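2 protein chains.
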Amino acid sequence: MSLVSSLLQQAKDSGLRRTKALEALFTCLTTCDRPMTLNEFTTCNHLASQCDKATVFRLLQKLCDKGMVRRLGLHERAAYFTLILPDQHRDYLICTECGSIEPINAPCPVHKLQEEIRKETGFTNLYHELEFFGHCPKCSKS
Amino acid sequence: MSLVSSLLQQAKDSGLRRTKALEALFTCLTTCDRPMTLNEFTTCNHLASQCDKATVFRLLQKLCDKGMVRRLGLHERAAYFTLILPDQHRDYLICTECGSIEPINAPCPVHKLQEEIRKETGFTNLYHELEFFGHCPKCSKS
DNA sequence: GCTTTTTGTGCAATTTTTTTGCATTAAAAG
DNA sequence: CTTTTAATGCAAAAAAATTGCACAAAAAGC
Ligand SMILES: [Mn+2]
Ligand SMILES: [Mn+2]
Ligand SMILES: [Zn+2]
Ligand SMILES: [Zn+2]
């Protein structure tokens, strides 16, 4: 069973319908596999001419609600969206000059603090977003 | 010498002029002392009727360039801005239901990783943004 | 002080991004 | 197949970010 199929199943289980647009969006999310803006999604070949921007917007919104997609604020004017895969947690390294976005391989160092926060504050559904910003070697030179 | 005065001096040293608008903005940034959106700034008593929104926008932009203000993407549609004080590093805890934003007191656990990233990637001007999101106790109940 | 030069400001307009209304279509349920 | 309910396209609106330009204010030079 392909990843897209299992995502469609997971979506269905949480109340969404199996539509052409959703399948195309999952294909895009899994094959492009990087945070993208709404505009990038709608102009990506996987989605272009498959469905309208408003549809992509509403699907991303629903998938965020279901916890299948994460919305990231990466210092660009537009919001970024990325698939949440089980056993995958990603922090990012972003060049504020050229805009490159790279996931970080090293293990995330904040889970312990997150647990402390959960206990001390009583917050539920806790998660975090960690991004490093700077100038990449290429942009540092020029 | 007040904090506002020293900020004005610091701004002047890096090329900005000492204007009424800048002083009002620094007063706002220091007394309100929390991340705020452009709209919040312009409607705050410290700035309202003191200057135009475009002016605040351009000042915040310049202060970001000078490294005196930080732009935060806190999952709202609008960007947040907050003063960078020396010896002050803040991570945030945000309720995605009611929108409350609280700085975290615990020491930040990512500096070590940041150093590793600097060495391994060659990034310069490195900094990070760490936010925890969840439902606060109040919002968890309802 | 006064004059020149440079930067900042207000206001309106524009651009970009996000969001919604509504008539229609497609999916799921019966 | 029929009914019910959710999803979609299209266009329009709302919200946020950004800019152009004439004028005002600050700093620099005298
Ligand atoms: Mn992390
Ligand atoms: Mn931190
Ligand atoms: Zn770069
Ligand atoms: Zn709350």
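Protein sequence lines, in the order shown, are assigned to chains A and B.
The numbering of the first sequence is my numbering, which starts it at 611 and goes up by one.
The numbering of the second sequence is my numbering, which starts it at 611 and goes up by one.
Note that beta-carbon positions come from the ideal geometry of N, C-alpha and C, so glycine has one too.
As the structure is a computational prediction, the values presented were derived from the model and not from experiment.
Query, Result
"Can you tell me whether residue 746 of chain B is buried or exposed, with buried defined as 16 or more other CB within 10 angstroms of its CB?", "buried"
"Quick one: does the C-beta of residue 682 of chain B sit closer than 8 Å to a heavy atom of ligand 2?", "no"
"At the level of alpha carbons, what is the spacing between residue 689 of chain B and residue 702 of chain B?", "15 Å"
"Taking only beta-carbon positions, decide if residue 742 of chain A is within less than 9 Å of chain B.", "yes"
"So, with DSSP's three-state summary, where would you put residue 740 of chain B?", "strand"
"Judging by CA-CA distance, which residue of A/734, A/706, A/752 and A/622 is the nearest neighbour of residue 738 of chain B?", "A/706"
"Is the distance from the Cβ of residue 744 of chain B to the Cβ of residue 617 of chain A below 9 Å?", "no"
"At what residues does the alpha helix (DSSP H) containing residue 670 of chain B begin and finish?", "663-675"
"Taking 8 Å as the cut-off, is the C-beta of residue 722 of chain A nearer than that to any heavy atom in ligand 4?", "no"
"In this structure, does DSSP put residue 730 of chain B in helix, strand or coil?", "helix"
"Is the separation between the beta-carbon of residue 733 of chain A and that of residue 750 of chain B shorter than 9 Å?", "yes"
"Can you list, in chain order, the residues of its chain with a C-beta nearer than 8 Å to that of residue 634 of chain A? Leave out the 5 residues immediately preceding and following it.", "656, 657, 660 and 661"
"Verify whether the separation of the beta carbon atoms of residue 691 of chain B and residue 674 of chain B is less than 9 Å.", "yes"
"Let me check one thing: in DSSP terms, what residues is residue 694 of chain B bridge-paired to?", "The partner list for residue 694 of chain B (beta bridge, DSSP) is empty, contrary to what the question assumes."
"Who pairs with residue 679 of chain A in a beta bridge, going by DSSP?", "A/693"
"Excluding the 5 residues flanking residue 680 of chain B on each side, which residues of the same chain have their C-beta closer than 6 Å to its C-beta?", "692 and 694"
"Going along the chain, which residues of its own chain have a beta-carbon closer than 7 Å to the beta-carbon of residue 626 of chain B, five neighbours each way excluded?", "632 and 672"
"Are residue 683 of chain A and residue 699 of chain B touching if we call contact CB-CB under 9 Å?", "no"
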